[in-house]
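One structure below.
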Amino acid sequence: MATYGATFRQLRIGKNMTLKELADEQVSVGFLSKFETDQSKISVDRLMHLLDKMNVTADEYFFAQHDGYAKPQVPKIWSEMSVPNAVAALGSGFYYTAGLSNRGQWEKLARWQQHLAEQASSTLTMGHWLNLDFAQLLLAQHQQSEPYPFAQRAITYLQQIDEWSIYELIVFNVFLQGMSVPDAQQLALSAKHKLVSQAPLSEIAGMHRGFLVTSFCFFMNRTRFDIAEELLGQMHSLHKEQSPQQSTGDFGMLILWCQGWLTYRRDSEERGQSQMKDALTIMRLCEEESLWRLYAAFSDRIWQTKDDHLLYHSRLMA
Numbered sequence: 001m002a003t004y005g006a007t008f009r010q011l012r013i014g015k016n017m018t019l020k021e022l023a024d025e026q027v028s029v030g031f032l033s034k035f036e037t038d039q040s041k042i043s044v045d046r047l048m049h050l051l052d053k054m055n056v057t058a059d060e061y062f063f064a065q066h067d068g069y070a071k072p073q074v075p076k077i078w079s080e081m082s083v084p085n086a087v088a089a090l091g092s093g094f095y096y097t098a099g100l101s102n103r104g105q106w107e108k109l110a111r112w113q114q115h116l117a118e119q120a121s122s123t124l125t126m127g128h129w130l131n132l133d134f135a136q137l138l139l140a141q142h143q144q145s146e147p148y149p150f151a152q153r154a155i156t157y158l159q160q161i162d163e164w165s166i167y168e169l170i171v172f173n174v175f176l177q178g179m180s181v182p183d184a185q186q187l188a189l190s191a192k193h194k195l196v197s198q199a200p201l202s203e204i205a206g207m208h209r210g211f212l213v214t215s216f217c218f219f220m221n222r223t224r225f226d227i228a229e230e231l232l233g234q235m236h237s238l239h240k241e242q243s244p245q246q247s248t249g250d251f252g253m254l255i256l257w258c259q260g261w262l263t264y265r266r267d268s269e270e271r272g273q274s275q276m277k278d279a280l281t282i283m284r285l286c287e288e289e290s291l292w293r294l295y296a297a298f299s300d301r302i303w304q305t306k307d308d309h310l311l312y313h314s315r316l317m318a
């Protein structure tokens, strides 16, 4: 099986296109050269962007990647989807798996995990293996087993990607609960750098908000209040840096809610619960019904236990 870069080069040459013709504000000639010679990795949405410029479908690329059409690796519907929708499709497996876990449908989740495992021998895409790992991770947590081994492939994948996109953030968010604190810290810092360096604030703000909130919840789960407080400060900074056009009220509500949670666990339960309830009230008054339902349920779980380590924000998000 050819490497991803070698396959890309083969298709580019077949289209009689130069690196200079493909380079744009998203990818430079230097980066493309490194990608083709396997010196650099590329994110899913940027690869799809380049394939679109070459008029190559995702099917054609992955069929070439796996030496012909004998083992199709990507659903044909991809060729009819826009890049954002294709990335969303990659994340849909995670959300389906998380939804089964969140609703306590463990037998169905076990059958889904078995189905993914049976397909794995003939499916070589990273997306499929990560979907299988995530199902195994959630089942391990349910069985009170160690989830860390099932996060290793995701950690390695994220460490190797030079330019993060929304897909890498999805992977980070769903596997975060199975990571060690050092791995989570390292990847969180890496994610922040890669996001900020690759796009202006107006383009990454939506991704960055969700990444910060999920990371905050992880460190609250691990009672690392010092790191959680640092992330809360980053949320405040991001909120202040946004223009009125970029700013969204829901992010301000989440900041208030997160501040309340930190206060509840670290300083004063009464004061913290009051702040969390204030945030929930604002969500309701502003008719953010889905947000209110989600965080009202999460708040109830927090108030009913003295220990947050079994509360998984990324699972609840499904």
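Using full-length UniProt numbering, you'd call the opening residue of the sequence shown number 1 and step up by one each time. Every residue, glycine too, gets a C-beta built ideally from N, C-alpha and C.
At what residues does the alpha helix (DSSP H) containing residue i begin and finish?
{"i": "glutamate 229", "result": "225 to 241"}
{"i": "tryptophan 129", "result": "126 to 142"}
{"i": "tyrosine 4", "result": "4 to 14"}
{"i": "methionine 276", "result": "269 to 285"}
{"i": "lysine 34", "result": "29 to 36"}
{"i": "glutamate 288", "result": "Unbroken run through glutamate 288: none, as it is neither H nor E."}
{"i": "leucine 109", "result": "106 to 120"}
Closest to residue i by C-alpha separation, out of the options, would be which residue?
{"i": "leucine 22", "options": "Leu50, Gly5, Ser43", "result": "Leu50"}
{"i": "lysine 34", "options": "Ile161, Gln144, Tyr148", "result": "Ile161"}
{"i": "glutamine 234", "options": "Trp106, Phe211, Pro149, Met179", "result": "Phe211"}
{"i": "histidine 142", "options": "Cys258, Trp106, Thr281, Met48", "result": "Trp106"}
{"i": "glutamine 259", "options": "Leu100, Ala279, Tyr95", "result": "Ala279"}
{"i": "valine 56", "options": "Leu32, Gln152, Arg9, Tyr96", "result": "Arg9"}
{"i": "methionine 220", "options": "Ala140, His236, Trp257", "result": "Trp257"}
{"i": "glutamine 26", "options": "Met17, Gly14, Leu100, Ile42", "result": "Ile42"}
{"i": "phenylalanine 94", "options": "Tyr167, Ser122, Tyr61, Pro147", "result": "Tyr167"}
{"i": "threonine 18", "options": "Met54, Tyr4, Leu47", "result": "Met54"}
What do you get for residue i, buried or exposed, if any count of 16 or more other CB atoms within 10 angstroms of its CB means buried?
{"i": "alanine 297", "result": "exposed"}
{"i": "serine 92", "result": "exposed"}
{"i": "proline 84", "result": "Residue placement at proline 84 is poorly supported in this model, since its pLDDT is 46, which falls under 50; the coordinates are not used for a value here."}
{"i": "aspartate 45", "result": "buried"}
{"i": "arginine 293", "result": "exposed"}
{"i": "isoleucine 255", "result": "buried"}
{"i": "tryptophan 261", "result": "buried"}
{"i": "leucine 285", "result": "exposed"}
{"i": "serine 299", "result": "buried"}
{"i": "aspartate 38", "result": "exposed"}
{"i": "arginine 12", "result": "buried"}
{"i": "tryptophan 303", "result": "exposed"}
{"i": "glutamine 144", "result": "exposed"}
Please state the DSSP three-state secondary structure of residue i.
{"i": "isoleucine 155", "result": "helix"}
{"i": "arginine 293", "result": "helix"}
{"i": "lysine 41", "result": "coil"}
{"i": "glutamate 25", "result": "coil"}
{"i": "aspartate 250", "result": "helix"}
{"i": "isoleucine 161", "result": "coil"}
{"i": "arginine 103", "result": "coil"}
{"i": "glutamate 168", "result": "helix"}
{"i": "asparagine 173", "result": "helix"}
{"i": "threonine 214", "result": "helix"}
{"i": "glutamate 221", "result": "With the sequence shown as reference, residue 221 is identified as asparagine, and glutamate is not the correct amino acid for it. Helix at asparagine 221."}
{"i": "leucine 201", "result": "At leucine 201, the pLDDT of 39 sits below 50, so the modelled position is not reliable and the matter cannot be decided from this model."}
{"i": "serine 180", "result": "coil"}
{"i": "glutamine 304", "result": "coil"}
{"i": "methionine 48", "result": "helix"}
{"i": "threonine 18", "result": "coil"}
{"i": "proline 149", "result": "helix"}
{"i": "serine 299", "result": "helix"}
Is the CB of residue i under 7 Å away from at least one CB in chain B?
{"i": "phenylalanine 225", "result": "Looking at the structure shown, chain B is missing, and only one protein chain is on hand."}
Worksheet item: Is it true that the stretch 150 to 157 meets the stretch 107 to 122, where meeting means three or more beta-carbon pairs spaced less than 8 Å apart?
Response: no
Worksheet item: Pairing CB atoms from the stretch 258 to 276 with CB atoms from the stretch 221 to 233, are three or more of them under 8 Å?
Response: yes
Fill in: At least 3 beta-carbon pairs within less than 8 Å: the stretch 170 to 182 vs the stretch 127 to 140
yes
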